[in-house]
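*Asks:* Under UniProt numbering, the sequence shown has 409 at position 409, and the numbering climbs by one with no breaks. Even for Gly, the Cβ is constructed at its ideal location relative to N, Cα and C. A quick note: this is a predicted structure, and the numbers were derived from the prediction, not measured.
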Amino acid sequence: MNRRPTPRGWALLAAGVVATQLAVGLGSIDLLRLGVLLLAVPVTALLAEIALDALRGRRGLEVHRDVRPDPVHAGEDADVRVEIRATDRAGRARLASLRFSEQAAVELSGGRALRARVARRADHATVRYPVRATQRGRWPLGPLVITRTDTFGVVRSRTTLGSESQVAVWPAVVALPAPSDVLVGEPDRVALGARTPSTDDANLRDYREGDDLRRVHWRSSARRGTMLVRSDERAGMRPVTVLLDLPVRAATTEWTISLAASMALAMLETGHPVRLAAGDAAAVTAARVMHGAAPYVHARQGPESRAALLDQTLDLAPARTSTEAEGALLDAVRVLDTSQAAGELVLAVVGPLSPAGCAALTHLADVSQGWALVRTDGRHAGDARDARHTAGVLRRSGWRVAEVTTGEDLVECWLRLLGSAR
């Protein structure tokens, strides 16, 4: 709670001090009484506000905040609606005298004051305002700030009401062209054309990472003591892992994540199970706790699949040093190498790699089909030279490779990667 005099209150205090000093100098009792009265008004109002707040507290008012859309993509706007509702007679009396304002992270407000529209009724008030998401992540919104002035207008009280909300901001993504028959193999082309189960749907096989759990044949699994799935055509959709090498520079990290997320969504929309594997220390630690890589997201899960995939990007953070970035990438590759990744598609977005990084991805190509975008910032000749060297090493080991520059159009980068197979 923050209480302080208003301009009127400061004026009364100043006038009271001047009148008191003049009264002492002139020996005027009447002027002294006037000075004491002027001083007493703001002091009494302040004490009254303290007493009322102690008695009423924050009871009688409830706050509900709604953000739409939530999550929101970086670079897009969201509308915030805050409803303050009075739950009793005292709350309704307080509501009429309150002024409202909101607090928001700079990633949502752009560092500017929020301009809100306030609508009032007898028992509730509504505050509406827009925010613009400028940065991927989770950002605080609120709590609501309420301001009240006493009856005489000499003391202003300011406090917060309600709780803080978190707004999730997904990376900016673009719709990439479907990979058609460039990325997918023969089993995938069969699956893409299948819309009904095969006539021999009773055929069973062992469960593999990436299979839809709804295809598990539970009765046979219980009888044999191992998990079995029905092996129709759609079970032939190969899983896809999108591997991210997160650099030190924040701007490069955001571009990398936007590109990787767009690629992941493009593969998800063609029916592939998709997961993200990020060279991020926290993500790799979580994967170790889970004894494997992140779970696949299935397109058959419906509209929630897109959200589930983008949610995996919310907490990714750039590395603090180049050594940390390389270590996190190597850890992510090791997690993939031990998660039964054989036969899957690996789409990688990486920067110039050290010999250890190149060796790790070379080994990964032995058990999976790899496609890599090798990124350069374009700021230093040495960086571009290292990127070309990395691209050459990966090509010789069997990867399909395209070289890109940070900040390039994402669609152009994707088409260049698809063209590397021709």
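Express the C-alpha separation of Arg112 and Gly137 in angstroms, rounding to a whole number.
*Replies:* For the purposes of this step, residue 137 is taken as residue 137 along the sequence shown, with counting starting at 1. For the purposes of this step, residue 112 is taken as residue 112 along the sequence shown, with counting starting at 1. One C-alpha to the other measures close to 19 Å.
*Asks:* What separation, rounded to the nearest whole angstrom, lies between the Cα atoms of Thr160 and Leu144?
*Replies:* Residue 160 sits at position 160 when you count from the first residue of the sequence shown. Residue 144 sits at position 144 when you count from the first residue of the sequence shown. Distance between the alpha carbons of Thr160 and Leu144: 5 Å.
*Asks:* In chain order, what residues of the same chain lie with their CB nearer than 6 Å to the CB of Leu34, ignoring the 5 residues before and after it?
*Replies:* Your numbering for residue 34 matches position 34 in the sequence shown. These residues qualify, in order along the chain: Ala19.
*Asks:* Which partner residues does Asp77 have in the DSSP bridge list?
*Replies:* Position 77 of the sequence shown, counting from 1, holds the residue named residue 77. According to DSSP, which records beta bridges pairwise, Asp77 is partnered with Arg132.
*Asks:* Report the rounded CA-to-CA distance for Gln135 versus Asp311, giving the unit in angstroms.
*Replies:* Here residue 135 is taken as the residue at index 135 of the sequence shown, counted from 1. Here residue 311 is taken as the residue at index 311 of the sequence shown, counted from 1. Cα-Cα distance, rounded: 14 Å.
*Asks:* Please classify Glu164 as buried or exposed, where buried requires at least 16 other C-beta atoms within 10 Å of its C-beta.
*Replies:* What you label residue 164 is simply residue 164 of the sequence shown in a count that begins at 1. The residue in question, Glu164, is exposed, as its Cβ has fewer than 16 Cβ neighbours within 10 Å.
*Asks:* With a 10 Å radius around its C-beta and 16 neighbouring C-beta atoms as the bar for buried, classify Thr406 as buried or exposed.
*Replies:* Start at 1 with the first residue of the sequence shown, and residue 406 comes out as number 406. The residue in question, Thr406, is buried, as its Cβ has 16 or more Cβ neighbours within 10 Å.
*Asks:* Taking its Cβ as the centre, do 16 or more other Cβ atoms sit within 10 Å of His363, making it buried, or is it exposed?
*Replies:* Residue numbering aside, residue 363 sits at position 363 when the sequence shown is read from its first letter. Label assigned to His363: exposed.
*Asks:* Taking the beta carbon of Thr151 as the centre, do at least 16 other beta carbons fall within 10 Å, making it buried, or is it exposed?
*Replies:* Position 151 of the sequence shown, counting from 1, holds the residue named residue 151. Classification of Thr151: exposed, given that the 10 Å Cβ count is below 16.
*Asks:* Identify every run of the alpha helix (DSSP H) within the region 302 to 364, keeping only runs that are complete inside it and at least 4 residues long; order them along the chain.
*Replies:* Counting whole runs of 4 or more residues, the region 302 to 364 contains the alpha helix (DSSP H) stretches 304 to 311, 322 to 337.
*Asks:* Near Thr313, which residues of its chain fall below 6 Å by C-beta distance, leaving aside the five closest residues on each side in sequence?
*Replies:* For the purposes of this step, residue 313 is identified with residue 313 of the sequence shown, where counting begins at 1. Same-chain partners within the cutoff: Pro171, Ile257, Ala261.
*Asks:* Considering only residues of the same chain and omitting the five flanking positions on each side of Ala23, which have a CB-CB separation below 7 Å?
*Replies:* Indexing the sequence shown from 1 puts residue 23 at position 23. Same-chain partners within the cutoff: Leu31, Leu32, Gly35.
*Asks:* Quick check on the DSSP output: the beta strand (DSSP E) that includes Val411 runs from which residue to which?
*Replies:* Position 411 of the sequence shown, counted from the start, is the residue given in the question as residue 411. Not the beta strand (DSSP E): Val411 falls in the alpha helix (DSSP H), residues 410 to 419.
*Asks:* Sort out for me which residues DSSP pairs Pro140 with in a bridge.
*Replies:* Along the sequence shown, one-based indexing puts residue 140 at 140. Paired residue(s): Gln166.
*Asks:* Can you tell me whether DSSP reads His298 as helix, strand or coil?
*Replies:* Position 298 of the sequence shown, counted from the start, is the residue given in the question as residue 298. Three-state result, His298: coil.
*Asks:* Hey, which unbroken runs of the alpha helix (DSSP H) at 4 residues or more fall wholly within the region 33 to 113?
*Replies:* Correct list: 89 to 95, 106 to 109.
*Asks:* Tell me the rounded alpha-carbon separation between Asp70 and Leu176.
*Replies:* For the purposes of this step, residue 70 is taken as residue 70 along the sequence shown, with counting starting at 1. For the purposes of this step, residue 176 is taken as residue 176 along the sequence shown, with counting starting at 1. Each residue's alpha carbon lies about 23 Å from the other.
*Asks:* Quick one: give me the first and last residue of the beta strand (DSSP E) that Leu161 is part of.
*Replies:* Within the sequence shown, the letter at position 161 stands for residue 161. It spans 155 to 161 - the beta strand (DSSP E) in which Leu161 sits, taken as one unbroken run.
*Asks:* From Leu394 to Arg132, what does the alpha carbon distance come to, in whole angstroms?
*Replies:* For this step, residue 394 is matched to residue 394 along the sequence shown. For this step, residue 132 is matched to residue 132 along the sequence shown. Taking the straight line joining both Cα atoms gives about 40 Å.
*Asks:* Which of the three DSSP states, helix, strand or coil, is assigned to Gly25?
*Replies:* Taking the first residue of the sequence shown as position 1, residue 25 is located at position 25. Three-state result, Gly25: helix.
*Asks:* Output the boundary residues of the alpha helix (DSSP H) element that contains Gly392.
*Replies:* As a first step, residue 392 is located in the sequence shown; it is residue number 392 there, counting from the start. Where Gly392 is concerned, the enclosing alpha helix (DSSP H) stretches over 381 to 396.
*Asks:* Below 9 Å between beta carbons: does that hold for Thr241 and Val274?
*Replies:* Mapped onto the sequence shown, residue 241 falls at position 241. Mapped onto the sequence shown, residue 274 falls at position 274. Yes. Within cutoff.
*Asks:* In this structure, how does DSSP classify Gly378 when only helix, strand and coil are distinguished?
*Replies:* Counting from 1 along the sequence shown, the entry for residue 378 is found at position 378. DSSP places Gly378 in coil when its eight states are reduced to three.
*Asks:* Per DSSP, which residues does Ala277 bridge with? Please list them.
*Replies:* Working through the sequence shown from its first residue, we reach residue 277 at position 277. DSSP output for Ala277 lists Leu243 as bridge partner(s).
*Asks:* Note down the Cα distance separating Ala286 from Val154, rounded to an integer number of angstroms.
*Replies:* Numbered from 1 along the sequence shown, position 286 holds the residue referred to as residue 286. Numbered from 1 along the sequence shown, position 154 holds the residue referred to as residue 154. Bear in mind that the predicted position of Ala286 carries a pLDDT of just 46, short of 50, making it unreliable; the figure below should be weighed with that in mind. Straight-line Cα distance between these residues: approximately 55 Å.
*Asks:* Whole angstroms is fine: what's the gap from Pro318's alpha carbon to Ala93's?
*Replies:* Your numbering for residue 318 matches position 318 in the sequence shown. Your numbering for residue 93 matches position 93 in the sequence shown. Their Cα atoms are separated by approximately 50 Å.
*Asks:* Give me the Cα-Cα distance between Ile29 and Pro7, rounded to the nearest whole angstrom.
*Replies:* Mapped onto the sequence shown, residue 29 falls at position 29. Mapped onto the sequence shown, residue 7 falls at position 7. Each residue's alpha carbon lies about 28 Å from the other.
*Asks:* Count the other CB atoms, across all protein chains shown, that sit within 10 Å of the CB of Arg195; report buried if there are 16 or more and exposed otherwise.
*Replies:* For the purposes of this step, residue 195 is taken as the residue at position 195 of the sequence shown. Its pLDDT being 38, under 50, Arg195 is placed unreliably in this model, and the value from its coordinates should be taken loosely. Exposed is the call here.
*Asks:* Cβ of Gly75 within 9 Å of Cβ of Arg238?
*Replies:* For the purposes of this step, residue 75 is taken as the residue at position 75 of the sequence shown. For the purposes of this step, residue 238 is taken as the residue at position 238 of the sequence shown. Result no, Cβ atoms of Gly75 and Arg238 do not sit closer than 9 Å.
*Asks:* How about the region 76 to 95 and the region 114 to 124: do they share at least three Cβ pairs that are nearer than 8 Å?
*Replies:* Cβ pair count under 8 Å is three or more, so yes.
*Asks:* What separation, rounded to the nearest whole angstrom, lies between the Cα atoms of Trp10 and Leu244?
*Replies:* Taking the sequence shown and counting its residues from 1, one reaches residue 10 at position 10. Taking the sequence shown and counting its residues from 1, one reaches residue 244 at position 244. Roughly 59 Å separates the two Cα atoms.
*Asks:* Using only the alpha-carbon positions, how far apart do Arg148 and Gly271 sit?
*Replies:* The residue given as residue 148 occupies position 148 in the sequence shown. The residue given as residue 271 occupies position 271 in the sequence shown. When rounded, the distance between both Cα atoms is 56 Å.
*Asks:* What three-state label does DSSP hand Thr199 in the structure shown?
*Replies:* Walking along the sequence shown from the start, residue 199 turns up at place 199. Annotation note: pLDDT 34 at Thr199 (below 50); position unreliable, coordinate value reported separately. Here Thr199 sits in coil by DSSP.
*Asks:* Under three-state DSSP, which class holds Trp10?
*Replies:* Locating residue 10 in the sequence shown gives position 10, where the first residue counts as 1. It is helical.
*Asks:* On a CA-only basis, which of Arg128, Arg223, Thr323 is nearest Leu246? Give me that one, please.
*Replies:* Taking the first residue of the sequence shown as 1, we reach residue 246 at position 246. If we check each option's Cα against that of Leu246, Thr323 comes out closest.
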